[in-house]
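**Student:** By this note's numbering, the letter at position 187 of the sequence shown is numbered 187, and the numbering carries on one by one without gaps.
Quick one: this structure, given as C-alpha cells, is what I'll be asking you about.
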Amino acid sequence: MDINGLKCVPELLCFTDGTPVNDPAQWPARRAELLEILRREEFGTAPAAPAAVKGEVESTESVCCSGHAVLERIHISFETDNGLFSFPVNFFLPKADKPVPLFVLINFRPDVYDKYYPAEEITDNGFALAVIHYNDVTSDDGDFTNGLAAMYDRSKYSWGKIGMWAFAASRTLDYLLTRPEIDAANAAVIGHSRLGKTALWCAAQDERFRFGISNDSGCAGASYERGKVEGNEMVKQITTNFPYWFCERYKEWVDRADEMPFDQHFLLAAIAPRYVCVGSAQEDFWAAPVHEQASCIGASPAWELHGRPGYVGKREPAVPGDDFAAGDIGYHLRSGIHFLGRGDWLSYMAYIKKHLA
Ligand code: GTR
1 MDINGLKCVP ELLCFTDGTP VNDPAQWPAR RAELLEILRR EEFGTAPAAP
51 AAVKGEVEST ESVCCSGHAV LERIHISFET DNGLFSFPVN FFLPKADKPV
101 PLFVLINFRP DVYDKYYPAE EITDNGFALA VIHYNDVTSD DGDFTNGLAA
151 MYDRSKYSWG KIGMWAFAAS RTLDYLLTRP EIDAANAAVI GHSRLGKTAL
201 WCAAQDERFR FGISNDSGCA GASYERGKVE GNEMVKQITT NFPYWFCERY
251 KEWVDRADEM PFDQHFLLAA IAPRYVCVGS AQEDFWAAPV HEQASCIGAS
301 PAWELHGRPG YVGKREPAVP GDDFAAGDIG YHLRSGIHFL GRGDWLSYMA
351 YIKKHLA
C-alpha cells in the first residue's frame, strides 16, 4: 500500500467505531458507511430514485458507423418533486444478434460525433454507447435554478452538480435496462475529468453498473488527496474554483488533507466487489497520476476481503504504456495530455472484455 511514501489512510477494513472488517459479510455495512461519509463530506445527498423512468425514441438513424450500428435520439423523463424532468440521450447500438454490453458516457458536448468518443470503434467492438450531454442535465456553474437542480428542494438535498450528473446517468440506465438489446449484467459508466469524478460517484452508489470507469478524474475523483504537492489540484483549488460540484462541507478540508475522515480510495472501494478502471495521462500533473494509481492500490483491500484480486500491477509509479488489467481494479497510464482519447477507450474496452459477467 506504499507508493512514493504514500500510504492510503484512513483504513478501509475498519468501521468508524473501530470494529475490524474481516469477513465479506460485513462489507455491505462498511460500504454503506463509506457512501455515508462521501455523501456527508464531499458529494452531498441526493433524492431517491424516481418510481418510474420513461424513455421515448424520438428519431432513429438506421445507418450509422459504416452501417453496423443505429443511432437513436432518446428522451428520458421522470417525475420529480417539482414536476416532470427530461433530458436527451444519443444512443449508438451495434447491429448484433445478442444483447451487448453498454457504456453510459457523461460528456461535455452535445455533438454527434465528438472527439471524446470514437463511436464506430466502440460499436464495432460490440458495445452500445449512450451519451448524455451534462449541460442538458444542469449547468456547470453555481446556478441551482436550472435543469435537474431546479427540480428538487435545495434545503432537502445537499448534492452538488456532480451528484446531479451522476443521478442522470443512473436514470439513463433505468431506461436502458428495459431494452432487450442491452446485456443488463454488463453496464459501465464512464466520464472524463469532472465527469470521471461523476462516473465514479455514480458507480459507487449504483450497483447495477458492473464497471465504473474514470478517465483523468483527478482531485475528488480517483486521485488520493494526502501527500499532494504544488502543481497537483487539491481540495483548496477545487472548492475555490468549483464549489458547486460538491456539498458545502467539502470546503472544511481545505489545507487539512491529513485530518480528512476519508480519502479518494474510499470512492473506488465503494464500487467493490464490482469493477473499477482508472486511466491517467502522463502530462496531467494537475490530476496527479501517481495519486490516481495510489488510490487503486489503497482500495485493493476491499476486493481482497472478497478473495478477489484488487489492483494487480506495479507498486512503484507507472510509466507510459503500463496497462494493468488483470485485477478487478484496472489502471493505465498513457503518454500525452488531459484528454479522453482513442487509446483510453481501447484500454477500457479490453479491460471490460476481460471481466464480462
Ligand atoms: C479542471 C478541474 C479539474 C478537472 C478539469 C476538467 O479545471 O480543476 O478538477 O475536473 O477541470 O473537468 O476538465
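Every residue gets a Cβ at the ideal spot worked out from N, C-alpha and C, and that includes glycine.
Every value quoted in this text rests on a predicted model; they were computed, and no experiment measured them.
For the stretch 213–232 against the stretch 270–287, are there 3 or more C-beta pairs whose distance is under 8 Å?
**Tutor:** yes
**Student:** PHE167 to VAL312, Cα distance in whole Å?
**Tutor:** Position 167 of the sequence shown, counted from the first residue, corresponds to residue 167. Position 312 of the sequence shown, counted from the first residue, corresponds to residue 312. A direct Cα-Cα distance of roughly 31 Å separates PHE167 from VAL312.
**Student:** Do TYR244 and LYS156 count as a contact pair if the criterion is CB distance below 8 Å?
**Tutor:** As a first step, residue 156 must be located in the sequence shown, where it is residue number 156. As a first step, residue 244 must be located in the sequence shown, where it is residue number 244. In this structure, LYS156 lies away from TYR244, with their beta-carbon atoms at least 8 Å apart.
**Student:** Taking a contact to mean a Cβ-Cβ separation below 8 Å, would you say CYS296 touches ILE213 in this structure?
**Tutor:** In the sequence shown, the residue the question calls residue 296 occupies position 296. In the sequence shown, the residue the question calls residue 213 occupies position 213. No, the pair does not count as a contact, with Cβ atoms beyond the cut-off.
**Student:** State whether the stretch 100–118 contacts the stretch 131–140, with contact taken as three or more CB pairs (one from each stretch) at a distance under 8 Å.
**Tutor:** Cβ pair count under 8 Å is three or more, so yes.
**Student:** Taking the alpha-carbon of LYS228 as reference, which of ARG194, ALA294 and PHE266 has the nearest alpha-carbon?
**Tutor:** For the purposes of this step, residue 228 is taken as the residue at position 228 of the sequence shown. Here the closest residue by C-alpha is ALA294.
**Student:** Whose CA, out of ALA272, LEU200, ALA203 and LEU305, lies closest to the CA of ARG31?
**Tutor:** Taking the sequence shown and counting its residues from 1, the one referred to as residue 31 is at position 31. For the residues ALA272, LEU200, ALA203 and LEU305, the minimum Cα distance to ARG31 belongs to ALA272.
**Student:** Counting beta carbon pairs with one atom in the stretch 64–76 and one in the stretch 141–153, are three or more of them shorter than 8 Å?
**Tutor:** no
**Student:** Would you mind giving the Cβ-Cβ distance between PHE246 and ILE37, rounded to the nearest angstrom? I have them listed as a contact below 8 Å.
**Tutor:** To locate residue 246, count along the sequence shown from 1; it is residue 246. To locate residue 37, count along the sequence shown from 1; it is residue 37. That belief does not hold up - the Cβ atoms of PHE246 and ILE37 are roughly 14 Å apart, past 8 Å.
**Student:** Can you check the stretch 228–302 for any beta strand (DSSP E) of at least 3 residues that lies completely inside it and give the ranges in chain order?
**Tutor:** 275–281
**Student:** Quick one: measure Cβ to Cβ for TRP345 and PRO118, integer angstroms, because I've assumed they're closer than 8 Å.
**Tutor:** As a working note, residue 345 is residue 345 in the sequence shown. As a working note, residue 118 is residue 118 in the sequence shown. Correct: roughly 6 Å between the Cβ atoms.
**Student:** Could you give the first and the last residue of the continuous beta strand (DSSP E) run that contains ALA325?
**Tutor:** Here residue 325 corresponds to residue number 325 of the sequence shown, with the count starting at 1. Segment: none, ALA325 is in no beta strand (DSSP E) and carries neither H nor E.
**Student:** Can you give the Cα-Cα distance for ASP97 and PHE127, rounded to whole angstroms?
**Tutor:** The residue you call residue 97 lines up with position 97 of the sequence shown. The residue you call residue 127 lines up with position 127 of the sequence shown. So the alpha carbons of these two residues sit roughly 13 Å apart.
**Student:** Nearest by alpha-carbon distance to ALA185: which of PRO10, LEU356 and LEU13 is it?
**Tutor:** Here the question's residue 185 lines up with position 185 in the sequence shown. Here the closest residue by C-alpha is LEU356.
**Student:** For a test of your reading of the model: does the CB of ARG194 fall under 7 Å from any non-hydrogen atom of the ligand GTR? Yes or no.
**Tutor:** As a working mapping, residue 194 is identified with position 194 in the sequence shown. At least one heavy atom of the ligand GTR is nearer than 7 Å to the Cβ of ARG194, so yes.
**Student:** Can you find a heavy atom of the ligand GTR that lies under 7 Å from the Cβ of GLU233?
**Tutor:** Numbered from 1 along the sequence shown, position 233 holds the residue referred to as residue 233. GLU233 Cβ: within cutoff of the ligand GTR.
**Student:** Check for me: the alpha helix (DSSP H) holding GLU28 runs from which residue to which?
**Tutor:** For this step, residue 28 is matched to residue 28 along the sequence shown. First, the amino acid is wrong: residue 28 is Pro here, not Glu. For PRO28, the enclosing alpha helix (DSSP H) stretches over residues 27–38.
**Student:** Take VAL57 as the anchor and find which of CYS65, SER77 and VAL63 has the nearest alpha-carbon.
**Tutor:** In the sequence shown, counting from the first residue as 1, residue 57 sits at position 57. Residue SER77 is the option with its Cα nearest to VAL57.
**Student:** Grab me the residues of MET1's own chain with a C-beta within less than 7 Å of its C-beta, minus the 5 sequence neighbours each way, in chain order.
**Tutor:** The sequence position of residue 1 within the sequence shown is 1, counting from 1. With a pLDDT of 39 at MET1, under the threshold of 50, the modelled position of this residue cannot be trusted; read the value that follows with caution. Here the set comprises LYS7, CYS8, ILE297 and GLY298.
**Student:** Could you give the distance in angstroms between the alpha-carbon of PHE242 and the alpha-carbon of GLU41?
**Tutor:** Translated into positions along the sequence shown, residue 242 becomes position 242. Translated into positions along the sequence shown, residue 41 becomes position 41. Their Cα atoms are separated by approximately 15 Å.
**Student:** Suppose you measure from the CA of GLY336 to the CA of GLY321; what does that come to, to the nearest Å?
**Tutor:** What you label residue 336 is simply residue 336 of the sequence shown in a count that begins at 1. What you label residue 321 is simply residue 321 of the sequence shown in a count that begins at 1. If you take the alpha carbons of GLY336 and GLY321, they lie about 11 Å apart.
**Student:** State the CB to CB distance for the pair LEU340 and TYR116, rounded to an integer number of angstroms; the pair is presumed to be in contact (CB under 8 Å).
**Tutor:** Walking along the sequence shown from the start, residue 340 turns up at place 340. Walking along the sequence shown from the start, residue 116 turns up at place 116. Going by Cβ atoms, the distance from LEU340 to TYR116 rounds to 4 Å, so yes, they are a contact pair.
**Student:** What residue range is occupied by the uninterrupted beta strand (DSSP E) comprising VAL53?
**Tutor:** Here residue 53 is taken as the residue at index 53 of the sequence shown, counted from 1. 53–64 is the extent of the beta strand (DSSP E) around VAL53.
**Student:** What would DSSP say about ALA187, mapped onto helix, strand or coil?
**Tutor:** Working through the sequence shown from its first residue, we reach residue 187 at position 187. Strand at ALA187.
**Student:** Should GLY358 go down as buried or exposed, given a rule of 16 or more other Cβ atoms within 10 Å for buried?
**Tutor:** Any question about residue 358 goes unanswered here, given that the chain covers just 1 to 357.
**Student:** DSSP three-state call for SER347: helix, strand or coil?
**Tutor:** Counted from its first residue, the sequence shown places residue 347 at position 347. Correct three-state label for SER347: helix.
**Student:** Within the continuous alpha helix (DSSP H) that includes SER170, where are the two ends?
**Tutor:** Residue mapping note: residue 170 aligns to position 170 of the sequence shown, counting from 1. Per DSSP, SER170 belongs to the alpha helix (DSSP H) from 161–176.
**Student:** For the candidate residues GLU79, GLY327, ARG342 and GLY221, whose alpha-carbon lies nearest to that of GLY163?
**Tutor:** Mapped onto the sequence shown, residue 163 falls at position 163. The candidate whose alpha carbon is nearest that of GLY163 is GLY221.
**Student:** What is the DSSP secondary structure of ASP114, reduced to helix, strand or coil?
**Tutor:** For the purposes of this step, residue 114 is taken as residue 114 along the sequence shown, with counting starting at 1. Three-state result, ASP114: strand.
**Student:** Which residues does DSSP list as the beta-bridge partners of SER214?
**Tutor:** Position 214 of the sequence shown, counting from 1, holds the residue named residue 214. In the DSSP output, where bridge partners are listed per residue, SER214 has GLY191 and VAL278.
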